[in-house]
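S.K.: Take the sequence shown: its letters are residues 22 to 939, numbered as in the working numbering.
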Amino acid sequence: MNNRRSRTALTRAFNGVAVAALFAAPAAAADIRGRVVEKDKGVALPGATVTVQGTNLSATAGRDGSFAINGAPDGPQTLVVDYIGYGEALQPVTGSDQPVEIALSSSVDGNEVVVTGTRLAERRALQTKKAADNLVEALYANDVGKLPDQNVAEAIRRLPGLSVANDQGEGRYVIIRGVNPNLVNVLLNGQTLPAPEPDGRQVKLDDIPSAMISAVIVTKSLTPDQDANAIGGEVNIRTLSAFDRNKSFFADARGAYGRYALNHKNPWEADGQIGGIFADGKLGAVLSFNYSRRPIESENFQGSTNFLANGGPDQFGLRDYNLVRTRLGAVANFDFRPSDAVKLFIRSSYSRFVDNERRDQNRVDQIVYNDAAGTYSGRGSILIRRREEKDNTKSGELGGEFDLGAAGQLALAGTYTRAIKNDPLRSEYNFRAGSNSVSGTFDLDQSPYGFAFSAPFDPSKFPLNSVNYDRRHAQEDLWQLRGDYTLPVAIGEGSTFKVGAKYLNRHKTNDRDYLQYGRGTTFNASSATYNDNPNFYDGRYTFGPRIDYDAAQAYAAANPGALIQSTSNINSSRNNSQVNDYDVREKISSAYAMATLTFGKLTIVPGLRVEHTQDSQKAKLLATGATAPVDQDFNSFNSQSYTDWFPGVNAHFNVTRDFVLRGAVTTAIGRPNYPDLAPYVSVDTTSSPTTITLGNPSLQRYKAVNLDAAAEYYLPSQGLLSVGLFYKHIDNPIYTQSLLGQSGNFGGQDFTNVSVTRAINAGSAVVKGIEVNAQVQFTFLPGFLNGFGASANYSRISGHASDLPGRIGRVPLFLQSKNVGTLQLFYEKYGFAARVAYSFRSSYVDTLGTTAATDQYTGYNGQLDVHASYQISKQLTVFADGTNLNDAAWRRYMGVKSQLVERERYDYSIRGGIQLHF
Numbered sequence: 022m023n024n025r026r027s028r029t030a031l032t033r034a035f036n037g038v039a040v041a042a043l044f045a046a047p048a049a050a051a052d053i054r055g056r057v058v059e060k061d062k063g064v065a066l067p068g069a070t071v072t073v074q075g076t077n078l079s080a081t082a083g084r085d086g087s088f089a090i091n092g093a094p095d096g097p098q099t100l101v102v103d104y105i106g107y108g109e110a111l112q113p114v115t116g117s118d119q120p121v122e123i124a125l126s127s128s129v130d131g132n133e134v135v136v137t138g139t140r141l142a143e144r145r146a147l148q149t150k151k152a153a154d155n156l157v158e159a160l161y162a163n164d165v166g167k168l169p170d171q172n173v174a175e176a177i178r179r180l181p182g183l184s185v186a187n188d189q190g191e192g193r194y195v196i197i198r199g200v201n202p203n204l205v206n207v208l209l210n211g212q213t214l215p216a217p218e219p220d221g222r223q224v225k226l227d228d229i230p231s232a233m234i235s236a237v238i239v240t241k242s243l244t245p246d247q248d249a250n251a252i253g254g255e256v257n258i259r260t261l262s263a264f265d266r267n268k269s270f271f272a273d274a275r276g277a278y279g280r281y282a283l284n285h286k287n288p289w290e291a292d293g294q295i296g297g298i299f300a301d302g303k304l305g306a307v308l309s310f311n312y313s314r315r316p317i318e319s320e321n322f323q324g325s326t327n328f329l330a331n332g333g334p335d336q337f338g339l340r341d342y343n344l345v346r347t348r349l350g351a352v353a354n355f356d357f358r359p360s361d362a363v364k365l366f367i368r369s370s371y372s373r374f375v376d377n378e379r380r381d382q383n384r385v386d387q388i389v390y391n392d393a394a395g396t397y398s399g400r401g402s403i404l405i406r407r408r409e410e411k412d413n414t415k416s417g418e419l420g421g422e423f424d425l426g427a428a429g430q431l432a433l434a435g436t437y438t439r440a441i442k443n444d445p446l447r448s449e450y451n452f453r454a455g456s457n458s459v460s461g462t463f464d465l466d467q468s469p470y471g472f473a474f475s476a477p478f479d480p481s482k483f484p485l486n487s488v489n490y491d492r493r494h495a496q497e498d499l500w501q502l503r504g505d506y507t508l509p510v511a512i513g514e515g516s517t518f519k520v521g522a523k524y525l526n527r528h529k530t531n532d533r534d535y536l537q538y539g540r541g542t543t544f545n546a547s548s549a550t551y552n553d554n555p556n557f558y559d560g561r562y563t564f565g566p567r568i569d570y571d572a573a574q575a576y577a578a579a580n581p582g583a584l585i586q587s588t589s590n591i592n593s594s595r596n597n598s599q600v601n602d603y604d605v606r607e608k609i610s611s612a613y614a615m616a617t618l619t620f621g622k623l624t625i626v627p628g629l630r631v632e633h634t635q636d637s638q639k640a641k642l643l644a645t646g647a648t649a650p651v652d653q654d655f656n657s658f659n660s661q662s663y664t665d666w667f668p669g670v671n672a673h674f675n676v677t678r679d680f681v682l683r684g685a686v687t688t689a690i691g692r693p694n695y696p697d698l699a700p701y702v703s704v705d706t707t708s709s710p711t712t713i714t715l716g717n718p719s720l721q722r723y724k725a726v727n728l729d730a731a732a733e734y735y736l737p738s739q740g741l742l743s744v745g746l747f748y749k750h751i752d753n754p755i756y757t758q759s760l761l762g763q764s765g766n767f768g769g770q771d772f773t774n775v776s777v778t779r780a781i782n783a784g785s786a787v788v789k790g791i792e793v794n795a796q797v798q799f800t801f802l803p804g805f806l807n808g809f810g811a812s813a814n815y816s817r818i819s820g821h822a823s824d825l826p827g828r829i830g831r832v833p834l835f836l837q838s839k840n841v842g843t844l845q846l847f848y849e850k851y852g853f854a855a856r857v858a859y860s861f862r863s864s865y866v867d868t869l870g871t872t873a874a875t876d877q878y879t880g881y882n883g884q885l886d887v888h889a890s891y892q893i894s895k896q897l898t899v900f901a902d903g904t905n906l907n908d909a910a911w912r913r914y915m916g917v918k919s920q921l922v923e924r925e926r927y928d929y930s931i932r933g934g935i936q937l938h939f
């Protein structure tokens, strides 16, 4: 596709619509307002379609169930309310100015049915999808305000086309349609979230406990009022408002206690919330908190990225991770509604993520194989790493929505958010023996590879090789202001014209302090070793001895000469401390105009967005060597500015009440990662060959044109059958490249025959695929059988990049699985609910090599989870969960599956708990 031509055509089409809308007469003032709620629970039903009977006047309920219809005829009228699972309901209104509350209830054969739990949540999600003007997926907390998974990433991975990148068996980064998480825009209550990670723009969704949120809306086709920095899509996380629950008082509490099969330790968590609407419905408040503590173990077999003639790795290692992971979350939301036309709000949240990790490792490298004898020998190492990570994100938002009657609607909001990633300790001791100090037998046909030691490691033969102390602090501050104005226009039925602007000011810094020491006087592993459980991978390997980190520290403190800094240690310390430091400022000013035009069953949403970006970067030019300063301030600077235009159009056609066709042509960008833009030069003369690492301030941003089409059929029994197609053409995809044998001037010095590594732009990339989704509730079956239901979604995705310097032909895209899906079977009736879910994704490239044979992949993953609950009373529910019941492992390989880079296992976990609901 020719991007320039498509953008020009879309711009011209929009201009014509915008001119017509600006000169159109506004519709009459709204005179029917109200809310749509669920009868038994009283909770809001967002996305409800409300129509004045006998006319084309209609409105869609907002997130709190509220709606307003402009220009209704005088006198009594009848409203027709349509909502999935409730059918059509009729509500007479008198035509007065008093708001009307419409309470919907379900019925089977004329008998009213109380809908609870996941069924109510799924009704709201389906209705949100159906009522949207663009392509979205939605996930709502159930009627006691809880999502079934333990963090946001794990919850949304079951949606069509979504998968996650994991850490320690938990979901961390969301991947939408196989697109890099750096290209996904994550919002909290409609405002951009900062990223605590120093290496990219991706937002860690495992920092956010699922108990903090009320809904997640995933956008797959953008409208002009959404930020354009979202080639993958947008994830909008909503916290609870008191008006979402629509009660004068509500309170919930939950506690859970579990067991990990691998380490037999016990995770636990607790959360609660309290809130309500008071002062004659004018004030609302919600306070909620969450705390969880998870003592996790994982067993990691380390292979290699270099394989010898017999197909065996040149090294292997056993790594035993033991960590305690805690999360704390808090939300305080307040609403003030002095009238039906004014809604003011304060949204505030705090989340904290803490990891305290110990990683024990036994490693053998420089392996020499004796294939005939089935034996090997190599150099042994015993390592211990201690890591502490303390992340937190705090956010505050002040805003309001104003219904101006015939003059339209105005929304204003301002937000300040800060994200901090602090690693106060990341330290590793390495005790290493000499060449051929370790020997044993091997079997390369096993998976993981079979290696056995002929004798246990002798700690007295493992002198200290090195120890490092690494401290990091990354911080991102975000200030945001936005305003949106919507005006009714007399084009078609219920059409609107909308304009808005947003200002985002981002400041991100990264500061690293790194010290490395070598051995001075005698310091052997025997001074700090101990033996613990030697069984590893269910007894397949023998692990040990281990290093006691505190004992090693005590020995070093008691023997000042035990640690020294050689020239190599000083250079490494200087290089790592300074080259990672950066200071980046980014200012984005944006504006948009769009129309929502409805002509009977057809709705078209054309629009145009413009974003002006100003960047400035500070970094440090550095050369290791005796004359280089030990520390220095920023001495390399860069700035740039650019403007992008984003035309787009979404459309949907309601073939029938339950059958919807959708299509979209949209545009988006992806800005480069902060450290890649920083203009630094790192020269490491201690490596062989000399290694030069460069920032690249001239990196171009990704630019994408996106095509989407979908057909959706909403089943009468509360379900969905849908199929979607998508295509993305992306210019300037970014890859990391390493070139050998280079010559030139770097950091003020001339070099020849060096290795140069930097991020570069490829020519273009393509992502395309198909999504199929089916959700069925068997309400048509008799008796207890109508409590059953099933759902399945599957995405087939393909893509590649072209014109990457140094590579011939097409190259795979980062983190793109070809196959992604989820299968679920569930039951809910008589107070009992159960769900079995299997989510899977195929392998994807995570590291690009110099050739296809050296590309590194994260392998297939499929995980089986079970959830069950029983509602003893309206106030009390007990529940139980089983996670990763099939012991799905995390696996990486190079080129082909037999070349194992590493494999990590977690085993299954179970938990049970109670929920209180008032």
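Virtual Cβ for every residue (Gly too), placed ideally from N, Cα, C.
Given the structure is predicted, the values throughout are model-derived calculations rather than measurements.
Taking the alpha-carbon positions, what's the P47 to G504 distance?
M.R.: Numbered from its first residue, the sequence shown carries residue 47 at position 26. Numbered from its first residue, the sequence shown carries residue 504 at position 483. Reliability of the predicted coordinates at P47 is poor, the pLDDT of 40 falling under 50, and the value obtained from them is presented with this limitation in mind. Taking the straight line from one Cα to the other gives about 20 Å.
S.K.: What does the alpha-carbon distance come out to for the pair D386 and Q323?
M.R.: As a working note, residue 386 is residue 365 in the sequence shown. As a working note, residue 323 is residue 302 in the sequence shown. One C-alpha to the other measures close to 11 Å.
S.K.: Is it buried or exposed for V686, if we count other Cβ within 10 angstroms and need 16 for buried?
M.R.: Within the sequence shown, residue 686 is the residue found at index 665, counting from 1. V686 comes out buried.
S.K.: What three-state label does DSSP hand E175 in the structure shown?
M.R.: As a position in the sequence shown, residue 175 is number 154, starting the count at 1. In this structure, E175 counts as helix in the three-state DSSP scheme.
S.K.: Are the beta-carbon atoms of N794 and N814 separated by less than 9 Å?
M.R.: Along the sequence shown, read from residue 1 onward, the residue named residue 794 stands at position 773. Along the sequence shown, read from residue 1 onward, the residue named residue 814 stands at position 793. Yes, Cβ-Cβ distance for N794 and N814 is below 9 Å.
S.K.: Can you give the Cα-Cα distance for G37 and L618, rounded to whole angstroms?
M.R.: Within the sequence shown, residue 37 is the residue found at index 16, counting from 1. Within the sequence shown, residue 618 is the residue found at index 597, counting from 1. Note that G37 scores a pLDDT of 44, beneath 50, so its modelled location is shaky; the value from the coordinates is reported in the next line. Computed Cα separation, rounded: 13 Å.
S.K.: What residue range is occupied by the uninterrupted beta strand (DSSP E) comprising S813?
M.R.: Taking the first residue of the sequence shown as 1, we reach residue 813 at position 792. In the sequence under discussion, the amino acid at residue 813 is Ala, which differs from the Ser named in the question. A813 -> beta strand (DSSP E) spans 809 to 823.
S.K.: Where does F423 fall in DSSP's three states?
M.R.: The residue labelled residue 423 in the question sits at position 402 within the sequence shown. DSSP places F423 within a strand segment (E or B) once states are collapsed to three.
S.K.: Please report the residue range of the alpha helix (DSSP H) in which R595 lies.
M.R.: Numbered from its first residue, the sequence shown carries residue 595 at position 574. Per DSSP, the continuous alpha helix (DSSP H) segment holding R595 begins and ends at 588 to 600.
S.K.: Note down, in chain order, each residue of its chain lying with its Cβ closer than 7 Å to the Cβ of I105, except the 5 sequence neighbours on either side.
M.R.: For the purposes of this step, residue 105 is taken as residue 84 along the sequence shown, with counting starting at 1. Once the five neighbours on either side are set aside, the close Cβ partners of I105 are R144, L147, Q148, K151, Y735, Q739.
S.K.: Could you check the C-alpha separation between N413 and D604 for me, to the nearest Å?
M.R.: Here residue 413 refers to the residue found at position 392 of the sequence shown. Here residue 604 refers to the residue found at position 583 of the sequence shown. Using only the alpha carbons, I get a separation of about 20 Å.
S.K.: Quick one: give me the first and last residue of the beta strand (DSSP E) that R368 is part of.
M.R.: On the sequence shown, position 347 is the one that residue 368 refers to. Note, R368: beta strand (DSSP E), 363 to 391.
S.K.: Considering just the uninterrupted stretch of the beta strand (DSSP E) at F680, what are its terminal residues?
M.R.: Here residue 680 refers to the residue found at position 659 when the sequence shown is read from its first residue. 680 to 691 is the span of the beta strand (DSSP E), which, as asked, contains F680.
S.K.: If you measure between the beta carbons of R797 and A811, is that distance less than 9 Å?
M.R.: Within the sequence shown, the letter at position 776 stands for residue 797. Within the sequence shown, the letter at position 790 stands for residue 811. Note that residue 797 is Val in the sequence shown, not Arg. For V797 and A811, yes; Cβs fall inside 9 Å.
S.K.: Mapping DSSP to helix, strand and coil, what is D341?
M.R.: Here residue 341 corresponds to residue number 320 of the sequence shown, with the count starting at 1. Three-state DSSP puts D341 in a strand.
S.K.: Expressed to the nearest angstrom, what Euclidean distance is found between the alpha-carbon atoms of E925 and Q336?
M.R.: As a first step, residue 925 must be located in the sequence shown, where it is residue number 904. As a first step, residue 336 must be located in the sequence shown, where it is residue number 315. Computed Cα separation, rounded: 17 Å.
S.K.: So R447 is in the beta strand (DSSP E); what residue range does that whole segment cover?
M.R.: The residue you call residue 447 lines up with position 426 of the sequence shown. Start and end: 430 to 453.
S.K.: Whose CA, out of Q382, G870, S360, lies closest to the CA of L425?
M.R.: Here the question's residue 425 lines up with position 404 in the sequence shown. Of the candidates Q382, G870, S360, the one whose C-alpha sits nearest the C-alpha of L425 is S360.
S.K.: Which of helix, strand or coil does DSSP assign to Q193?
M.R.: Within the sequence shown, residue 193 is the residue found at index 172, counting from 1. Position check: residue 193 holds Arg in this sequence, whereas Gln was assumed. Here R193 sits in strand by DSSP.
S.K.: Could you tell me how far apart the beta carbons of N656 and L642 are, in whole angstroms, since I believe they sit closer than 8 Å?
M.R.: Here residue 656 refers to the residue found at position 635 when the sequence shown is read from its first residue. Here residue 642 refers to the residue found at position 621 when the sequence shown is read from its first residue. That belief holds up - the Cβ atoms of N656 and L642 are roughly 6 Å apart, short of 8 Å.
S.K.: Taking the alpha carbon of K895 as the point to measure from, which residue in D273, I177, A124 has its own alpha carbon closest?
M.R.: Translated into positions along the sequence shown, residue 895 becomes position 874. Among D273, I177, A124, the Cα nearest to that of K895 is on D273.
S.K.: Per DSSP, R406 is paired with what?
M.R.: Along the sequence shown, one-based indexing puts residue 406 at 385. DSSP, once it has assigned bridges, lists R380, E449 as partnering R406.
S.K.: With respect to the alpha helix (DSSP H) encompassing F264, which residues constitute its N-terminal and C-terminal limits?
M.R.: Position 243 of the sequence shown holds residue 264. Here the alpha helix (DSSP H) through F264 covers 263 to 266.
S.K.: Please classify A549: is it buried, with 16 or more other beta-carbons within 10 angstroms of its beta-carbon, or exposed?
M.R.: Counting from one through the sequence shown, the residue named residue 549 turns up at place 528. Residue environment: A549 is assigned as buried (16 or more neighbouring CB atoms within 10 Å of its CB, all protein chains considered).
S.K.: The alpha helix (DSSP H) spanning Y576 covers which residue range?
M.R.: Counted from its first residue, the sequence shown places residue 576 at position 555. Per DSSP, Y576 belongs to the alpha helix (DSSP H) from 570 to 579.
S.K.: Where does the unbroken alpha helix (DSSP H) through Y943 begin, and where does it stop?
M.R.: The requested residue 943 is not part of the displayed model; the chain covers only 22 to 939.
S.K.: Around the C-beta of A51, are 16 or more other C-beta atoms found within 10 angstroms, so that it is buried, or is it exposed?
M.R.: Position 30 of the sequence shown, counted from the start, is the residue given in the question as residue 51. The pLDDT assigned to A51 is 48, lower than 50, so where the model puts this residue is not dependable, and the model offers no usable value.
S.K.: What's the gap between the Cα of K608 and the Cα of L525?
M.R.: To locate residue 608, count along the sequence shown from 1; it is residue 587. To locate residue 525, count along the sequence shown from 1; it is residue 504. It is roughly 6 Å from the alpha-carbon of K608 to the alpha-carbon of L525.
S.K.: Tell me, please, which residues DSSP counts as bridged to R18.
M.R.: No statement about residue 18 is possible, as the shown extent of the chain runs from 22 to 939 and does not include it.
S.K.: Between the C-alpha atoms of P696 and T244, what's the straight-line distance to the nearest angstrom?
M.R.: Position 675 of the sequence shown, counting from 1, holds the residue named residue 696. Position 223 of the sequence shown, counting from 1, holds the residue named residue 244. Computed Cα separation, rounded: 30 Å.
S.K.: Note the first and the last residue of the continuous beta strand (DSSP E) segment covering D697.
M.R.: As a working mapping, residue 697 is identified with position 676 in the sequence shown. Where D697 is concerned, there is no enclosing beta strand (DSSP E), although the alpha helix (DSSP H) it sits in stretches over 695 to 698.
S.K.: Helix, strand or coil: how does DSSP classify A232 here?
M.R.: In the sequence shown, residue 232 corresponds to position 211, counting from 1. A232 falls in the helix class under three-state DSSP.
S.K.: When you compare each of P833, V102, Q586, A65 to I755 by their alpha carbons, which one comes out closest?
M.R.: Locating residue 755 in the sequence shown gives position 734, where the first residue counts as 1. Minimum Cα distance to I755 is reached at P833.
S.K.: Assign T677 to one of two classes, buried (16 or more other C-beta atoms within 10 Å of its C-beta) or exposed (fewer than that).
M.R.: For the purposes of this step, residue 677 is identified with residue 656 of the sequence shown, where counting begins at 1. Looking at its Cβ environment, which holds fewer than 16 other Cβ atoms inside 10 Å, T677 is exposed.
S.K.: Classify S481: buried if its beta carbon has 16 or more other beta carbons within 10 angstroms, exposed otherwise.
M.R.: Residue mapping note: residue 481 aligns to position 460 of the sequence shown, counting from 1. Exposed.
S.K.: List the endpoints of the continuous beta strand (DSSP E) containing A549.
M.R.: If you number the sequence shown from 1, residue 549 lands on position 528. Note, A549: premise wrong, no beta strand (DSSP E); not H, not E.
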